[in-house]
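Counting in full-length UniProt numbering, the sequence shown runs from 1 upward without gaps. In this text, a Cβ means the ideal position worked out from N, Cα and C, and glycines have one as well. One structure below.
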Amino acid sequence: MESKLSIKEYSRQVLALTSANMKARYRKTIAGFLWVILNPIIMYSVQSFVFKKILKLEVPDYSLFLLCGLLPWIFITMNIEMITPILEGSRELLKSFSLKPSVLVLSQVIDNFINFLVAFTVILLPFWFLSDLSLTGIFFIPIILLSLVIGVFSMCFILSVMQLFFRDIRFIVSFVTSVLFFLTPIFYPIEFIPTEYRIFVELNPIYSFIEPFRFAIYDFSMDILLQKILKSIFFSMLFSISAFMIWKRKRGEFYVKL
């Protein structure tokens, strides 16, 4: 059974597990950390070429536009698909070391966030010199990132706990994320979607975490950016409260199902 932890001890466990995850991932690899960074960069480069040069989407400064949507999308969906089965596959670790399930989930989110942040920065740097980026918009990036991490952690925690009770969730999640890739304005603007269908996009929480990046980096507008950040924070808080309530309700059955 889990025991109560102080904030200091909880943080220590998260950092230790994050470090262990990163070491395990890069052990016995030649390029190590570079592979994780290169993957989103290569995906970004290929999709930028296909949509801009082959499909010829008429979007100004398309490479920057795609960056603001694709990399956050990769970060979100990678976490969801990777973490949904994580508790189910870590029975011995959770039972033997009395580890809190949230520690396991959060450490994996932080691991993936570090990779995302490095890749995002590497791709964004050239645009700093080649495009007219707004310094004010960049100033809001830390708030956007914090909302993103909290929202993703909460979503992943909900899914990983529910996976123990409904074993089909991981397959449903994989299918839904594949479909949402085309239904979410990642590689095309929301203006391409007929007006009567945009309400469904606006209600998509994943898109709500992506939107602030676009208005902070690509198409800066203070009023709209603040609205999008508040919307992102709303979904983060909604998922956080939902995660807390689900854990409170399922905690008694958790270790039995485990």
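Cβ distance (whole Å) where residue i is taken to contact residue j below 8 Å
{"i": "Val109", "j": "Phe153", "result": "5 Å"}
{"i": "Ile169", "j": "Leu159", "result": "6 Å"}
{"i": "Val173", "j": "Thr84", "result": "5 Å"}
{"i": "Cys68", "j": "Phe200", "result": "No, Cys68 and Phe200 are not in contact; Cβ-Cβ is about 21 Å, not under 8 Å."}
{"i": "Phe209", "j": "Ile76", "result": "6 Å"}
{"i": "Leu71", "j": "Phe120", "result": "5 Å"}
{"i": "Leu66", "j": "Gln47", "result": "6 Å"}
{"i": "Ile86", "j": "Val105", "result": "7 Å"}
Collapsed DSSP secondary structure at residue i in the structure displayed
{"i": "Tyr10", "result": "helix"}
{"i": "Arg214", "result": "helix"}
{"i": "Asn39", "result": "helix"}
{"i": "Leu87", "result": "coil"}
{"i": "Leu133", "result": "coil"}
{"i": "Tyr255", "result": "helix"}
{"i": "Arg27", "result": "coil"}
{"i": "Phe192", "result": "helix"}
{"i": "Ile186", "result": "coil"}
{"i": "Met1", "result": "Note that Met1 scores 48 on pLDDT, short of 50, meaning its location in the model is unreliable; the coordinates nonetheless yield the value given after this. Looking at Met1 - three-state DSSP - the assignment turns out to be coil, as it is neither helix nor strand."}
{"i": "Phe97", "result": "coil"}
First through last residue of the alpha helix (DSSP H) which encompasses residue i
{"i": "Ser160", "result": "Ile141 to Phe165"}
{"i": "Arg198", "result": "Arg198 to Glu202"}
{"i": "Ile172", "result": "Ile169 to Leu183"}
Residue environment, residue i, which counts as buried when at least 16 other CB atoms sit within 10 Å
{"i": "Phe235", "result": "buried"}
{"i": "Lys257", "result": "exposed"}
{"i": "Thr195", "result": "exposed"}
Item to check | Contiguous beta strand (DSSP E) assignments of at least 3 residues, all confined to the region 41-79 | outcome: none
Next on the checklist: Going residue by residue through the region 204-253, where are the continuous alpha helix (DSSP H) segments of at least 4 residues, counting only ones entirely within it?
Outcome noted: Qualifying alpha helix (DSSP H) stretches, in chain order: 205-213.
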